[in-house]
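Per my numbering, the sequence shown runs over residues 1129 to 1310.
We put the CB at the ideal spot given by N, CA and C, even for glycine.
Here's the structure we're looking at; comments come further down.
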Amino acid sequence: MNLLANALLAWAIASPAAPNLSVETTRHGPAVEVRAYALVEALHATVWGTVTDYDRLAQFVPGMRSSRVVAQRNGDLVVEQHGETRFLFFHHPVDVTLLATARPPDAVEVHLLSGNLKRLDGVYRLESAGPGRIALRWTGLIEPDNLPPLLGELVMRATIEAQFTGMVREIERREALRGKAR
């Protein structure tokens, strides 16, 4: 048991969330409600451009092997994504096709069309938090397939925290590059 406690402590120390970032989860039966928040020092255009960069998400979102736009439907995009969820020694593949609906300038909604999740409905929201600052939120309801509810909540929380942190770090990287180009 002491070995497990030490492993969990090492994992927690080795994977800190970015500053001004939080992820909370609540279980609703087999589904997991996720609320992620980050305050980023970036222009709105940088945040929007990163959140909607579907064809490059796999380059900066941990656990995502590929992401690509495969079709357009009445202004919405159909996005195919492949990757995996991870928590400690547990790995579970995720292969989904999503409908992404951009609602400029402040929201992007995603809904599961097909894949190996039972449910995925979420939205990114961008809110001004003062000059050069954006409050970025992701809220969603995810129902994993073939995972016990308690394990599903742990896996989804760890996965979303890693992915959201990856998104925030990419926003910060792009904003730093934009600042240097001026």
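Asked	Found
I'd like to confirm the pairing. Which residues does DSSP put opposite T1293 in its beta bridges?	DSSP, once it has assigned bridges, lists no residue as partnering T1293.
Following the continuous beta strand (DSSP E) through A1228, name the residue where it begins and the one where it ends.	F1218 to R1231
From T1154 to V1160, what does the alpha carbon distance come to, in whole angstroms?	6 Å
Do you know how far the Cα of H1239 is from the Cα of R1227?	It should be noted that the sequence gives Leu, not Arg, for residue 1227. Between L1227 and H1239, the C-alpha separation is close to 5 Å.
So which of R1302, K1308, A1309 and G1203 has the shortest CA-CA distance to W1176?	R1302
What three-state label does DSSP hand L1137 in the structure shown?	Its pLDDT being 32, under 50, L1137 is placed unreliably in this model, and the coordinates cannot settle the point.
In whole angstroms, give me the CA-to-CA distance for R1214 and N1244.	15 Å
According to the Cβ coordinates, are I1270 and R1253 closer than 8 Å?	no
Between which residues of its own chain and A1263 is the CB-CB distance below 6 Å, once the five residues before and five after are set aside?	L1167, E1255 and A1257
State yes or no: is the C-beta of Y1182 within less than 8 Å of the C-beta of V1197?	yes
Here's a check: name, in chain order, each residue in its chain whose Cβ is nearer than 7 Å to the Cβ of A1135, leaving out the five neighbours to either side.	Only weak support is given to the placement of A1135: the predicted model assigns it a pLDDT of 37, under 50, and the value that follows is read from those uncertain coordinates. No residues qualify anywhere along the chain.
Which value, in whole angstroms, describes the spacing of the CA atoms of M1284 and G1260?	31 Å
Check the C-beta distance from P1190 over to G1294 and give it rounded, since I have them as a contact under 8 Å.	5 Å
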